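Note that the working numbering has the sequence shown beginning at -9, numbered continuously upward.
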Amino acid sequence: MDAVMPVKQDQQSGPVLSLGFSPCPNDTFIFDALIHGRVDCGFGFREQLEDVETLNRMALESVLDVSKVSYHLLGHILKDYLLLRSGGALGRGCGPLVVARGQVDPATLAGKRVALPGRYTTAALLLRLFNPTLTDFIYLPFHEIMAAVADGSVAAGVIIHESRFTYQEYGLSKVVDLGEWWERETGHPIPLGGIAAKRSLGRDALLRLEQGLADSVEYAFAHPGAARPYIRAHSQEMSDAVCDAHIGLYVNDFSRGLGVEGEAAVRLLLGRAAAAGIVPSWQEPLLIS
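Written out as structure tokens, the structure reads:
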């Protein structure tokens, strides 16, 4: 993992903050305008693109000023970070999938090994909430899970990101859609990943960041072609069609702002995780007041 320098001052752009997000098309689509100065919130940014579990672990160590994190991980870092209302991934029909070879009854997975895309991912949290009796997990980079299921290394795997669009190419079948389960169980959309920012930045800076992210999302929607070079630079193995499907699935009105419905979904997910002993209970404000 590359070292991240502390915040510095730049005469042209003002304070420069370290900002982490993934190379996935939904994130590069959202952050492009902010990173490249097409919108301005009074900060410059030094971006660090990493897979989601690396970002989660960096946030555990308070490495970055602002970072995309899994909502599962957010429950572990609320002493140092709070949640920004814009820039995240939350929605319907976009949850992680449990996949296996052939048609498998979810009840038969008890006692069998399941691959997860990281200990602190929301995918891991949802599986544990769905079936608390599952305990034999192996953690793999998300892009390695389908192959591990296909070759029999594991009985099943939880897949995220563009794997939703390609798992059938590996001869795999869907066992359960954890997003559909959550929506049916709670009536709420599923919170997948949000933008966490250090509380120590102060209320004024946090509000500007929140607005800057919202503006970046709006710019991306209004000028979808502007982000294409940045998206393609970090998704070279994906076709344009898969990139567009990825963005269409994970970027929506909740990316502009959580709103009442989105905030309620986040609070419910973290509340259930705390009640199950998966994340600590928290007293700190979740959002900027």
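Glycine included, C-beta positions come from ideal geometry on N, C-alpha and C.
This structure is a prediction, so every number in the text was calculated from the model and none was measured.
Look up residue i in the DSSP assignment and give the residues it is bridged to.
i, result
"residue 58", "185"
"residue 196", "In DSSP, residue 196 forms no bridge with anything."
"residue 71", "188"
"residue 105", "128 and 147"
"residue 81", "180"
Would you tell me roughly how many angstroms separate the C-alpha atoms of residue i and residue j, rounded to the nearest one?
i, j, result
"residue 275", "residue 235", "35 Å"
"residue 43", "residue 133", "12 Å"
"residue 125", "residue 101", "7 Å"
"residue 173", "residue 250", "16 Å"
"residue 233", "residue 15", "6 Å"
"residue 151", "residue 7", "27 Å"
"residue 242", "residue 81", "7 Å"
"residue 196", "residue 256", "19 Å"
"residue 190", "residue 73", "13 Å"
"residue 187", "residue 54", "8 Å"
"residue 295", "residue 107", "There is simply no residue 295 to check, as the chain begins at -9 and stops at 279 in what is shown."
"residue 263", "residue 198", "30 Å"
"residue 117", "residue 168", "7 Å"
"residue 279", "residue 26", "29 Å"
Output needed for residue i: all residues of its chain with C-beta closer than 6 Å, excluding positions within five of it in sequence on either side, in chain order.
i, result
"residue 239", "84"
"residue 96", "165 and 166"
"residue 94", "165"
How is residue i classed by DSSP in three states: helix, strand or coil?
i, result
"residue 90", "strand"
"residue 278", "coil"
"residue 167", "strand"
"residue 249", "helix"
"residue 221", "helix"
"residue 76", "strand"
"residue -9", "Unreliable positioning characterises residue -9 in this predicted model, as indicated by a pLDDT of 38, which lies under 50. The coordinate reading is nonetheless provided below. Three-state result, residue -9: coil."
"residue 96", "helix"
"residue 51", "coil"
"residue 266", "coil"
"residue 110", "coil"
Which residues in the same chain as residue i place their Cβ atom closer than 7 Å to its Cβ, once the five residues preceding and following it in sequence are excluded?
i, result
"residue 144", "103, 104, 105, 128 and 138"
"residue 20", "77, 206, 207, 210, 241 and 245"
"residue 259", "61 and 181"
"residue 286", "In the structure displayed, the chain extends from -9 to 279; residue 286 sits before or after that span and is not available."
Within its chain, find whatever has a CB closer than 8 Å to the CB of residue i; leave out the 5 residues flanking it on each side and keep chain order.
i, result
"residue 157", "87, 89, 136, 149 and 164"
Length at least 4, wholly inside the region 9 to 48: the alpha helix (DSSP H) runs in chain order | Taking only runs of at least 4 residues, the alpha helix (DSSP H) segments lying wholly in the region 9 to 48 are 15 to 25.
Would you mind listing the beta strand (DSSP E) stretches within the region 115 to 163 that are 3+ residues and don't spill past its ends, in chain order?
-> Qualifying beta strand (DSSP E) stretches, in chain order: 127 to 129 and 146 to 149.
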